[in-house]
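Student: The sequence shown lines up with residues 1 to 322 when you count with the UniProt record's numbering.
Note that CB positions come from ideal geometry on N, CA and C, so glycine has one too.
Because the structure is a prediction, the values reported are computed rather than measured.
So that we are looking at the same thing, I have put the structure below in structure tokens.
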Amino acid sequence: MPGFLTRPISQNGRVITAGLLKALRILIPGRRAHLARFVFQARPSANPRLTVNGCAGKMGKAVAEAAVSAGLQLIPASFSSLGEAGQLVKVSTTDVRLHGPSEKEDVLSSVLDKHPNVIIVDFTVPDAVNPNTELYCKFGMPFVMGTTGGDRELMYKTVENSNVYAVISPQMGKQVVAFLAAMEIMAEQFPGAFSGYSLQVMESHQSTKLDTSGTAKAIISCFNRLGVSFELDQIQQIRDPRKQLEVVGVPEEHLSGHAFHLYHLTSPDNTVSFEFQHNVCGRSIYAEGAIDAAIFLAKKVQAKAEKKIYDMIDVLREGNMR
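This is how it looks when you write it as structure tokens:
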């Protein structure tokens with residue numbers, strides 16, 4: 001085939017061959033308006049464009065960096081607090097501008113206008129979970145909710161009523177997700193297996209984490225179904241760096257970013273004990289998982305999947321974790 005028929009020209013997201021346009025103009029002189037009928041839409045990219053809200057925070061920035069490392073296009077706009085609005089966060093070669101609460105609607109409208117296939121990844125703060133969810137749903141924007149806290153029941157209801165695609169999970173770490181999945185299976189298949197056992201739960205995170213671990217809540221829910229009586233207010237929550245160093249054993253260099261969990265079960269007569277533990281230093285495990293979730297969600301949107309709300313176990317089951 002002659003080269004002039006195969007050289008692609010990109011025009012507003014469409015792909016047109018130069019030769020085809022030339023041929024059509026010869027065949028239909030003066031009728032350029034009709035050429036739109038012969039324009040071929042480019043096949044949607046498997047890799048989505050991402051907006052990471054919360055880039056001012058360490059977790060949000062880690063996700064943004066993971067997006068760039070994965071070869072995804074990072075949109076240079078992010079939600080922030082009022083005090084951080086107007087600042088720039090450097091992510092690789094991209095300067096991400098931070099926008100305060102009053103700018104949120106304008107930012108989403110602008111992003112959606114320029115990037116209609118955008119996926120939002122949210123790592124903001126617990127108090128922003130429900131207001132942000134309402135905004136994403138209002139604009140019909142698919143999103144990954146990595147922020148814990150907020151009114152989770154209300155969040156799910158908001159998403160269900162809006163018919164928006166979303167991945168919502170208290171835990172983004174790949175291997176921890178697998179552990180959660182195993183706990184869910186055990187609770188489903190062996191209900192009451194630990195009836196009468198007592199439970200102790202300790203969770204340690206960096207001092208800036210404001211809420212109780214969503215992962216701990218999910219694991220405790222499984223233990224409840226396994227017959228263990230335990231309330232969330234019984235969790236030993238450690239945020240004091242000195243205790244984290246001396247009692248928990250967190251390496252000093254990871255005091256500002258870690259997640260150490262311990263679940264200890266004891267039989268009624270104190271003769272049998274079980275212990276489940278997972279310790280995470282740093283944020284890369286969560287950042288990579290969040291990017292996996294965004295890519296997974298983009299594929300679901302492109303395929304127009306019937307199911308709209310997913311969690312990280314869905315991502316894991318589909319084998320979409322890099």
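1. On the premise that MET183 lies in contact with ILE168, defined as a C-beta separation below 8 Å, what is that separation, rounded to the nearest angstrom?
2. Would HIS34 be called buried (16 or more neighbouring beta carbons within 10 Å of its own) or exposed?
3. Should ASP106 be labelled buried (16 or more other beta-carbon atoms within 10 Å of its own) or exposed?
4. So is SER162 in contact with chain C if we call contact Cβ pairs under 9 Å?
5. Apart from the five residues just before and just after ALA77, which ones in its own chain have a Cβ nearer than 8 Å to its Cβ?
6. So does the stretch 173 to 187 actually touch the stretch 216 to 223, counting three or more Cβ pairs closer than 8 Å?
7. Looking only at its chain, what residues have a beta carbon closer than 6 Å to the beta carbon of PHE139, apart from the 5 residues adjacent to it on each side?
8. How many Å lie between MET145 and SER207 at the Cα?
9. Return the first residue and the last residue of the beta strand (DSSP E) that THR133 is part of.
10. Could you check if SER92 is buried or exposed, using at least 16 other CB atoms within 10 Å of its CB as the buried criterion?
11. Run through DSSP, which three-state label would LYS61 get?
12. Please work out which residues of its chain come closer than 7 Å, Cβ to Cβ, to PRO101, disregarding the five sequence neighbours upstream and downstream, and give them in chain order.
13. Within 10 angstroms of its Cβ, does LEU210 collect 16 or more other Cβ (buried), or is it exposed?
14. Grouping DSSP H, G and I as helix and E and B as strand, with all else coil, what is ALA166?
15. With H, G and I counted as helix, E and B as strand and the rest as coil, what does DSSP make of CYS55?
Tutor: This is what the structure holds:
1. That belief does not hold up - the Cβ atoms of ILE168 and MET183 are roughly 18 Å apart, past 8 Å.
2. With a pLDDT of 36 at HIS34, under the threshold of 50, the predicted position of this residue should be treated as unreliable, though the coordinate-derived value follows. With fewer than 16 other Cβ atoms within 10 Å, it is exposed.
3. exposed
4. Of the protein chains in this structure there is only one, and it is not chain C.
5. THR51, VAL96, ARG97, HIS99, VAL107, SER110, VAL111
6. yes
7. LEU108, LEU112
8. 21 Å
9. Careful: THR133 lies outside any beta strand (DSSP E), inside the alpha helix (DSSP H) at 129 to 138.
10. exposed
11. helix
12. LEU82
13. exposed
14. strand
15. coil
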